[in-house]
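Structure first, commentary second.
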Amino acid sequence: MSLLDYLVLFGTMIGIAAYGTWQTRGVHSLSGYFKGDQTTRWAAIGISVMATQASAITFMSTPGQGYESGLGFVQNYFGMPLALIIVAAVFLPLYRRLDVYTAYEFLGRRFDAKTRLLGAALFLLQRGLAAGITIYAPAIVLSTVFGWRLDVTILLSGLLVIVYTVTGGSRAVTLTHKYQLGLIFAGMVTAFIVLLVRLPAGLTLTDAFTVAGGFKKLEAVDFSLDVDQRYTFWSGLLGGLFLSLSYFGTDQSQVQRYLHGASLRESRLGLMFNAVCKIPMQFFILLLGALVFVFYQFERPPVFFNEVAWKSQAERASGDRLRALAADFTAVHTQKQQLIRAWLDAQHAGNPQAAATARAAAVAAQAHSEAIRDETKGLLHAADPRTSTNDADYVFITFVLGHLPHGMIGLLVAVIFAAALSSKASELNALGATTTVDFYRHVLKRDASDAHYVAASKWFTAFWGLVALAFALFAHLVENLIQAINILGSVFYGVVLGLFLVAFFLRRVGGTAVFWSALTAQTLVFGLFFTLNISYLWYNLIGCAACVLLSLILQAASGARGNTAEPVTATP
Amino acid sequence: MFHFIQRLFRGTGLRTRELLPHGSGDPFHSPAQPGADESTGLPGLPTWRRVYLFVFGCFVLWVVLLVVFSRVFA
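Heads up: the protein sequence lines correspond to chains A and B, in order.
Per the working numbering, the first sequence starts with residue 1, numbered consecutively.
Per the working numbering, the second sequence starts with residue 1001, numbered consecutively.
Next comes the structure, spelled out in structure tokens:
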């Protein structure tokens, strides 16, 4: 990176954070600190919800997904519009009518205090641990690629987000989200345009799509019922609906975003904005990855995209085989490039038979390339077991570094940091809100002034920020960390969703029944997790179903009606 | 703190109405009235039911477009 890149990177990051801090200084009420005084318009809510969901991983890994597997990953988002409709129609009106700060406060109103604390504790446990990853994941990739110190990268990005989130609370988060997402869109569109310009002369966009399609990178929708297929229309619709309902309906980091709305209308429209825009947005990012794949058919890509890891092994005396594989990879790539050109020439000349022959040969050459890459990954992993064989996260950043002009490189690195900061800020704000409202104000200090609670909120937000930083700094000690966090999320998410589904849809079930059901369901999930060998995604479904069914059974067995099943009378 | 722990396991929990502003109804038992909460303010989509149908229509449209795109360049 040049001086210009560093100026763009630090200018945008510090500029946005400073602006957010300055504009939202002097928030004195708890409502202002956590709900922005509920004055936000729908566009800002929509952007904030989108920015919260879009982490740095989205912009590093998703183009890599498009490069490796094509557009099929977009199906994972098919359940999201339906989930957002349910949240807007059912969840949101009740949250607003009860004027809650947190989703778990709603559980307290619907059931009782212990159920509220259970929901809040599950959220803090899961999100508190995951918070470190939001900083660690981009930092490890960027520090590897640029040779920066990992701890300095983590500390700089972490401290920046802590400062403006603590100072301005939720208003600062929403305000900075607008500029961060604007920066992200500007960066991605810039990368797309540069990519199109850098395609070989004479290669039209239709040709690029033809090449991508020929290598099966544009197969976006798969209606098969094969459960072994990773992404299908049905798994995306059902699994995506389930996960999105948990995430948008019960996760405080999202609930807090749309509770900001100036009215129910503004909050609903913000959610509907996401329901309409998310699929095309993910399609665009994946298509970017598919086009990077086309670009690298005419420009030799690295044999392994984590080039630092490759070089460290290949430059050793024992790296002969790695260097030989790289030479083979170059030869196959040259041959493949000629075959693709022959395929396109035949297509332009209206000779479908010759085009099909050349295409089949190019696909075979691609399979050969992949075999070389697989052997390379195996050797790297054997030489150093800490080297991940998945280099998809490095695809897009490698393209950016190698082929974007200076200034734009800084812009694209700023995009990754902006995404990291935007999701991190929402997490810290939600952790601070839940700790203050559901534990501190509810359990420890019930009658303090608003100013006292705002001060406490700032301390709690800073505390969670420091916990996340500490976790990120020591994250390298845990193997397969991201997977561990995903597993942790799946182990808890199902039961939390179960609690909320009972709250919304099973009016006869009361607090005691749902509380013990949730605890039993969580114990069941733990038990299954340690005894069964199934995909961790299933624990979402198992936890939720167990919580709902047990609640019904316990309520029926107790013979009593739920504490809000009928018009309630004042408690004596 | 002691009272709080007592209340935690009393089983009846907090009552709804006492937590609401005076004069408001029971929020958990208000009849579902899509569109009754607030106007959408959107031209051509006067009720929330229509907004949700529009969003669902957009979802179907995206899927159809993705299928067509995949087929054209398969």
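Where is the CB? At the ideal position from N, CA and C, for every residue including glycine.
Keep in mind the model is a prediction, meaning the values are calculated, not measured.
| query | result |
| --- | --- |
| Any C-beta of chain B under 8 Å from that of residue 219/A | yes |
| Residue(s) in a DSSP beta bridge with residue 40/A | 261/A |
| Interface partners of residue 1040/B on chain A, CB under 7 Å | 265 |
| Closer than 9 Å at the beta carbon, the chain B residues around residue 209/A | 1069, 1072, 1073 |
| Contact list for residue 275/A against chain B, beta-carbon separation under 7 Å | 1055 |
| Reduced DSSP category for residue 404/A - H, G, I as helix; E, B as strand; rest coil | coil |
| Assigned exposure category for residue 492/A - 16 Cβ within 10 Å defines buried | buried |
| Within-8 Å CB hit, residue 213/A to chain B | yes |
| Whole-angstrom distance between residue 434/A and residue 219/A, CA atom to CA atom | 42 Å |
| Residue-chain proximity (residue 1014/B, chain A), Cβ-Cβ < 8 Å | Low confidence applies here, because residue 1014/B scores a pLDDT of 37, under 50, leaving its location unreliable and the question unanswered by this model. |
| Short CB-CB distance (under 8 Å) between residue 352/A and chain B | no |
| Residues within the segment 71-91 of chain A neighbouring chain B, beta-carbon criterion of under 8 Å | 71, 74, 78, 81, 82, 84, 85, 88, 89 |
| Residue 50/A at chain B interface by Cβ criterion, 8 Å | no |
| Separation of residue 256/A from residue 328/A, as counted between CA atoms | 54 Å |
| Spatial distance of residue 419/A from residue 288/A (CA atoms) | 17 Å |
| Environment of residue 22/A [buried if 16+ CB atoms lie within 10 Å] | exposed |
| DSSP-derived helix/strand/coil call for residue 71/A | helix |
| Touching by the beta-carbon criterion (3+ pairs, under 8 Å), the segment 259-279 of chain A and the segment 34-43 of chain A | yes |
| Interface flag, residue 281/A vs chain B, CB-CB below 8 Å | no |
| DSSP-derived helix/strand/coil call for residue 506/A | coil |
| Buried versus exposed, by CB contacts within 10 Å (16 or more), residue 501/A | buried |
| Three or more C-beta pairs below 8 Å linking the segment 79-97 of chain A and the segment 302-318 of chain A | no |
| Residue 410/A and residue 156/A closer than 8 Å at C-beta | no |
| When 526/A, 516/A, 472/A, 559/A are compared against residue 139/A, the one with the closest alpha-carbon | 472/A |
| Three-state secondary structure (DSSP) of residue 225/A | coil |
| Under 9 Å from the C-beta of residue 268/A: neighbouring residues of chain B | 1037, 1038, 1040, 1048, 1051 |
| Per DSSP, cross-strand counterpart(s) of residue 1045/B | 1042/B |
| Cutoff 7 Å; reference residue 300/A; Cβ partners in own chain excluding five residues on either side | 330, 333 |
| Beta-carbon gap between residue 499/A and residue 107/A smaller than 8 Å | yes |
| Residue 270/A and residue 42/A closer than 8 Å at C-beta | yes |
| Exposure label - residue 209/A; buried when at least 16 CB within 10 Å | buried |
| CB contact below 8 Å: residue 272/A versus chain B | yes |
| Local conformation of residue 568/A per DSSP, three classes | Residue confidence for residue 568/A is low, a pLDDT of 31 falling below 50, so the modelled location carries little weight; the figure read from the coordinates is stated next. It is coil, neither helix nor strand. |
| Proximal residues to residue 342/A (C-beta, below 6 Å), its chain only, five neighbours per side dropped | 358 |
| Per-residue DSSP class, three states only, for residue 206/A | helix |
| Element boundaries [alpha helix (DSSP H), containing residue 8/A] | 3-23 |
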